[in-house]
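Enquirer: In the working numbering, each residue carries its 1-based index in the sequence shown increased by 509.
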Amino acid sequence: MNIAVITGASSGIGREFARRLDSVGVDELWILARRKKRLEQLAADLKTPARVLVVDLNVPREIDGIEKLLKRYNPTIKWLINNAGFGKIGDFASISRAAQLSMIDVNVRALTHITHLAIPYMSRGTRIVQVASAAGYQPLGGFAVYSATKAYVISFAYALGAELRERGISMTVMAPGPVHTEFSLVSRDNPAWRKAMLSHEAEVGAVVDRALRDAHKQRRASIYGLSKFAPLLARLLPRRLTAIVSQRFIYTKVRPQS
510 MNIAVITGAS SGIGREFARR LDSVGVDELW ILARRKKRLE QLAADLKTPA
560 RVLVVDLNVP REIDGIEKLL KRYNPTIKWL INNAGFGKIG DFASISRAAQ
610 LSMIDVNVRA LTHITHLAIP YMSRGTRIVQ VASAAGYQPL GGFAVYSATK
660 AYVISFAYAL GAELRERGIS MTVMAPGPVH TEFSLVSRDN PAWRKAMLSH
710 EAEVGAVVDR ALRDAHKQRR ASIYGLSKFA PLLARLLPRR LTAIVSQRFI
760 YTKVRPQS
């Protein structure tokens, strides 16, 4: 049985990946997220049979449940889309410790965990897409933990991609800029933030289409639109400068007005 595994499939980029991978030669789509109703609605819209897996990626034992299913069915994972993640914007000291650690758990630990348990079920010609962010190319004041977690994803994807190359498993890291999804609502419930990002947001379908094309071409990175300049700017600009500039932007453009 050939399957595609998609995390964070209940909305945004993950949901769009599920729609794009529908009817592409896999026997099942395994769609993962916390929101059962959203997943069931998505499954009903797909032509390919979908296995709804309600998983809280903050909880390692729930991820272990995925491994048990893999051992039971012994599928070939044709596609692994590690999309689940979230960010909180604001001053580090003002965001709760629980929220900061949860970002690390979901964006880093869970992504690593799922990748590790998936690889034994992958073979030559299969593909992994790790969803990072253009924010991962530089430190961002006001977005400190989130940008650090996405820096991990970028580094991890490049390094692991080199390891998997001889096995014929393709690794592509997707590093979009602002995308029109629920992320802007989760990152901060702040109309000013959403307004500041709105003019720069890309349509999710276009971003996912680009990522799939790049993955088929076995490209190491998929960067859509103006975000393609992020790696170049990261090399040219001092880290201290980008951290300061980003912090000033965040706190002059999106700080709530009193």
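Even glycine gets a Cβ: it sits at the ideal position worked out from N, Cα and C.
None of the values given here were measured: they were computed from a predicted structure.
#1: Secondary structure at M612, three-state DSSP: helix, strand or coil?
#2: Closest to K577 by C-alpha separation, out of T681, V615, A627, M631, would be which residue?
#3: Using alpha carbons as the reference points, say which of E549, D723, H625, G714 lies closest to E525.
#4: Does the beta-carbon of M631 have 16 or more other beta-carbons within 10 angstroms, so that it is buried, or is it exposed?
#5: Are I732 and M680 close, meaning C-beta to C-beta below 8 Å?
#6: So which of I598, A671, N616 has the shortest CA-CA distance to P569?
#7: If you run the structure through DSSP and keep just helix, strand and coil, what is S656?
#8: So the candidates are A724, R543, Q639; which of them puts its Cα closest to the Cα of H625?
#9: Does L610 pass the burial test, meaning 16 or more other C-beta atoms within 10 Å, or should it be called exposed?
#10: What is the DSSP secondary structure of L589, reduced to helix, strand or coil?
#11: Let's see if you can read the secondary structure: which residues bound the beta strand (DSSP E) around A643?
#12: Alpha carbon to alpha carbon, how far is L566 from I613?
#13: Tell me the residue span of the beta strand (DSSP E) that contains R560.
#14: Please determine if the stretch 651-667 and the stretch 717-724 are in contact, where contact requires at least 3 C-beta pairs separated by less than 8 Å.
#15: Closest to G596 by C-alpha separation, out of A607, A559, K545, K546, would be which residue?
#16: Using CA atoms only, rank isn't needed, just tell me which of S664, P629, Y667, I515 is closest to A559.
#17: What residues in its chain sit with their C-beta under 7 Å from that of W555, if we drop five residues either side in the sequence?
#18: A684 and A730 - do their beta-carbons sit closer together than 8 Å?
#19: Does DSSP classify E537 as helix, strand or coil?
#20: On the criterion of 16 or more Cβ atoms from any shown chain inside 10 Å, does P629 qualify as buried, or is it exposed?
#21: Going by DSSP in three states, A518 sits in which element: helix, strand or coil?
#22: Have a look at H622 and I572 and give me their C-alpha separation to the nearest angstrom.
#23: Where does A513 fall in DSSP's three states?
#24: Helix, strand or coil for R508 per DSSP?
#25: For G651, tell me which candidate among R547, D600, R581, S519 has the shortest Cα-Cα distance.
Expert: If we stick to the structure as given:
#1: Reduced to three states, the DSSP call for M612 is helix.
#2: Ranking T681, V615, A627, M631 by CA distance to the CA of K577 puts A627 first.
#3: G714
#4: buried
#5: no
#6: N616
#7: helix
#8: Taking only the C-alpha atoms, the option nearest H625 is Q639.
#9: Under this definition L610 is an exposed residue.
#10: strand
#11: Where A643 is concerned, there is no enclosing beta strand (DSSP E), given that its DSSP letter is neither H nor E.
#12: 11 Å
#13: 559-563
#14: no
#15: A607
#16: I515
#17: Reading off the sequence shown, one finds Leu at residue 555, where the question assumed Trp. Around L555: A527, D531, L538.
#18: yes
#19: strand
#20: exposed
#21: coil
#22: Looking at the backbone, the Cα of H622 and that of I572 are separated by about 8 Å.
#23: strand
#24: A question about residue 508 goes unanswered here, because the residues of the chain that appear run from 510 up to 767.
#25: D600
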